[in-house]
Amino acid sequence: MRSFFGDVSQSNVLETFVKIDPTRSPFMKERISVIYEAQSLEELYKQVETLQMNGVTFKVIYVKNRDLPKNKQDGFEKRREIERKIGLHIKGKADLRQPDRLFGVMHVNEKWVFGEYVKSESVWFRHQQKPNGYSTALNTRVARAVVNIAIPNPNGIKAIDPCCGIGTVLVEARSMGIDMVGSDRNQLIIPGARENMIHFGLTGEINLADMRDITNHYDVAIIDLPYNLCSVITPEEQLEMLQSARRFANKVVVVTVEPVDGLLIKAGLSIIDRAVAKKGLFIREVIICN
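22 is the number of the first residue of the sequence shown in my numbering; add one for each residue after it.
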């Protein structure tokens, strides 16, 4: 099967990912929260007549099913005609410019569906333009996806990025309202991470600390293991980092460019699932552990 990153070995990552609020997704551009579904448009027209509008205005948008080949997709005129007919069956006032409610209609899996329509805002895309960065940091889209996989439901969750670097993961988490703190042992990088947070109007704790010295406890830790010639760490140091994470977090999500299964097991962590993020020939593995 295919994940949002690339090939995955199991289905749990994908199943976990779809449980999140879809507006947080860096991959989902639009969605319909289904209210009615029908085998035919005529049946759907009858169903929308029962919709309670309570005096608010509305607009209907035909959402194209991009999985269909072009020769099976409805043309522009047909899409507008379906929008108009559904609108005529809704007992309310249409407003094409500033509607109170936005509805979507779509033909999918041999059925017609109708419901509340939401177009996702690509917040992660704006985060690419941060004041400080470095070439080996996660790109913002992958960082956001990793946060969503690690924390599908943020209610009551306290999280940490103990190797936060320039703050890419931290920015994505805080922008989604997730209670995450950051820390790093490199005192030269902390000011840049704090400036990135401030640049996007975000607040959050970023501390100078070696993760081996962390004493607070967290529900989730996300660790992008350091790599490249400027961040060489030995297998022994990697093991110490993972053992520390095992100590202060219930769930650990590790991002790595090299095999670390043996170290994870040696650190006392159990591998639940994994996914792969690919960029050309460069591969990162995302491993979920508890």
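Every residue gets a Cβ at the ideal spot worked out from N, C-alpha and C, and that includes glycine.
Which two residues bound the contiguous alpha helix (DSSP H) that contains residue i?
| i | result |
| --- | --- |
| F97 | 97-110 |
| D282 | 282-287 |
| H220 | 211-220 |
| L72 | Here L72 belongs to no alpha helix (DSSP H), and DSSP marks it neither H nor E. |
| T189 | 189-196 |
| L260 | 256-269 |
| V163 | 161-171 |
| V144 | 144-147 |
Cβ of residue i less than 8 angstroms from any chain B Cβ?
| i | result |
| --- | --- |
| N237 | The chain inventory of the structure shown lacks chain B, comprising one protein chain alone. |
Whole angstroms are fine: how far does the CA of residue j sit from the CA of residue i?
| i | j | result |
| --- | --- | --- |
| A171 | A194 | 10 angstroms |
| I235 | Q259 | 16 angstroms |
| V163 | A298 | 7 angstroms |
| S61 | I103 | 12 angstroms |
| I181 | Y239 | 7 angstroms |
| E306 | E51 | 27 angstroms |
| T255 | P120 | 58 angstroms |
| C251 | R165 | Residue placement at C251 is flagged as unreliable, the pLDDT there being 49, under the threshold of 50; the coordinate-derived value follows with that caveat. If you take the alpha carbons of C251 and R165, they lie about 25 angstroms apart. |
| G96 | R105 | 14 angstroms |
| G154 | I187 | 6 angstroms |
| R23 | V192 | For R23, the pLDDT reaches just 30, beneath the cut-off of 50, and the residue's location in the model is therefore unreliable, although a value from the coordinates is still provided. Taking the straight line from one Cα to the other gives about 27 angstroms. |
| Q68 | E58 | 8 angstroms |
| L284 | N130 | 44 angstroms |
| P212 | D282 | 33 angstroms |
| L159 | G203 | 15 angstroms |
| S46 | K91 | 26 angstroms |
| K300 | E98 | 39 angstroms |
| S143 | S196 | 12 angstroms |
| L209 | G225 | 18 angstroms |
| V167 | D88 | 26 angstroms |
| F269 | K114 | 55 angstroms |
Would you say residue i and residue j are within 8 angstroms of each other, going by their C-beta atoms?
| i | j | result |
| --- | --- | --- |
| T189 | T161 | yes |
| K112 | E70 | yes |
| V273 | A296 | no |
| E137 | I56 | yes |
| P175 | G198 | yes |
| F79 | R118 | no |
| L65 | F135 | yes |
| P183 | I244 | yes |
Looking only at its chain, what residues have a beta carbon closer than 7 angstroms to the beta carbon of residue i, apart from the 5 residues adjacent to it on each side?
| i | result |
| --- | --- |
| A288 | L260, L263, Q264, R267 |
| H128 | N86 |
| D28 | For D28, the predicted structure reports a pLDDT of 32, less than 50, and the residue's modelled location is therefore unreliable. A value from the coordinates is still provided. The residues are V297. |
| L223 | V192, R195, S196 |
| G76 | none |
| S291 | C310, N311 |
In terms of residue numbering, what span does the beta strand (DSSP E) encompassing residue i cover?
| i | result |
| --- | --- |
| L290 | Per DSSP, L290 belongs to no beta strand (DSSP E) and is neither H nor E. |
| N228 | 227-229 |
| E51 | 51-59 |
| T78 | 78-83 |
| K151 | Unbroken run through K151: none, as it is neither H nor E. |
| S46 | Counting along the chain, S46 falls outside any beta strand (DSSP E), and DSSP gives it neither H nor E. |
| G125 | 122-129 |
| K140 | 132-140 |
Output needed for residue i: all residues of its chain with C-beta closer than 6 angstroms, excluding positions within five of it in sequence on either side, in chain order.
| i | result |
| --- | --- |
| I309 | V274, I293, D294 |
| L246 | T277 |
| K140 | E51 |
| G125 | I53, I82, V84, Y138 |
| H148 | T161, V192 |
| W145 | P47, T161, R162, R165 |
Near residue i, what residues of its chain come up, given a Cβ to Cβ distance below 8 angstroms and the 5 sequence neighbours on each side ignored?
| i | result |
| --- | --- |
| I178 | I172, I199, D200, D240, V241 |
| C185 | L191, G203, S204, D205, A214, I227 |
| R233 | E261, M262, S265 |
| H110 | Y66, K67, V69, E70 |
| D231 | R206 |
| R100 | Y83, K85 |
| D116 | T78, F79, K80 |
| K322 | The structure shown does not extend to residue 322, since the chain is modelled only from 22 to 311, so the question has no answer here. |
Quick one: measure Cβ to Cβ for residue i and residue j, integer angstroms, because I've assumed they're closer than 8 angstroms.
| i | j | result |
| --- | --- | --- |
| Q73 | K85 | Contact doesn't hold; Cβ gap of about 28 angstroms is too wide. |
| N271 | N311 | 7 angstroms |
| N217 | P280 | Going by Cβ atoms, the distance from N217 to P280 rounds to 31 angstroms, so no, they are not a contact pair. |
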